[in-house]
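See structure below.
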Amino acid sequence: MKTNKLWYLGYLIGICSLLAVITLNLNEVVRALLIFVSSISVSVSYVQLTHYRLLEKDRDYKISAKDERNEKIRDKVNATMASVLMLLIGIIAVICIEVEAYLPATLLTISLACSPILMIMMKKYYEGKY
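If you're matching positions, the sequence shown starts at 2 in the working numbering and goes up one per residue.
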């Protein structure tokens, strides 16, 4: 139950971010960043709290969430999505270079280059854990 209460902090962060956007005179980049933070924090908090509520109340959901076959399917989907997202990041980086947006292109390229290294490190960690 203590971890459930932590997710309510996301709602607080989302509301504070929106209040800052509405009340403060900020430049467009900071406004967009605060709106992004607000939407992400509220969305993640809502999904996590709903998940915990369903685990407590819905027996079928609990069985489905803990099913080993479903875990394997989720692992396959996540592995496939990692490759798809890396491809999309690469395409976006090339588009940023073409429109001469060098800072986003550089950041995307760095994240694209670091992604396989992070995946290898996480794989070794989880192989040692299991």
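A virtual CB, placed ideally from N, CA and C, is assigned to each residue, including glycine. Keep in mind the model is a prediction, meaning the values are calculated, not measured.
For residue i, which residues of its own chain have a beta-carbon under 6 Å away from its beta-carbon, when the five flanking residues on both sides are left out?
{"i": "S42", "result": "G11, I14, G15"}
Run through DSSP, which three-state label would residue i get?
{"i": "D59", "result": "coil"}
{"i": "V100", "result": "coil"}
{"i": "N26", "result": "coil"}
{"i": "D76", "result": "helix"}
{"i": "Y9", "result": "helix"}
{"i": "Y131", "result": "coil"}
Determine the direct distance from the alpha carbon of residue j to that of residue i, and round the result to whole angstroms.
{"i": "L55", "j": "D68", "result": "15 Å"}
{"i": "L25", "j": "E128", "result": "48 Å"}
{"i": "R75", "j": "Y126", "result": "19 Å"}
{"i": "E57", "j": "E99", "result": "51 Å"}
For residue i, I'd like the list of residues in its chain whose CB is within less than 8 Å of its CB, leaving aside the five on either flank, ordered along the chain.
{"i": "S18", "result": "L35, I36, V38, S39, S42"}
{"i": "S65", "result": "N71"}
For residue i, I'd like the list of residues in its chain whose CB is within less than 7 Å of its CB, leaving aside the five on either flank, ordered along the chain.
{"i": "M87", "result": "L113, S116"}
Measuring CB atoms only, is the segment 90 to 98 touching the segment 107 to 121, in the sense that at least three cross pairs come out at less than 8 Å? yes
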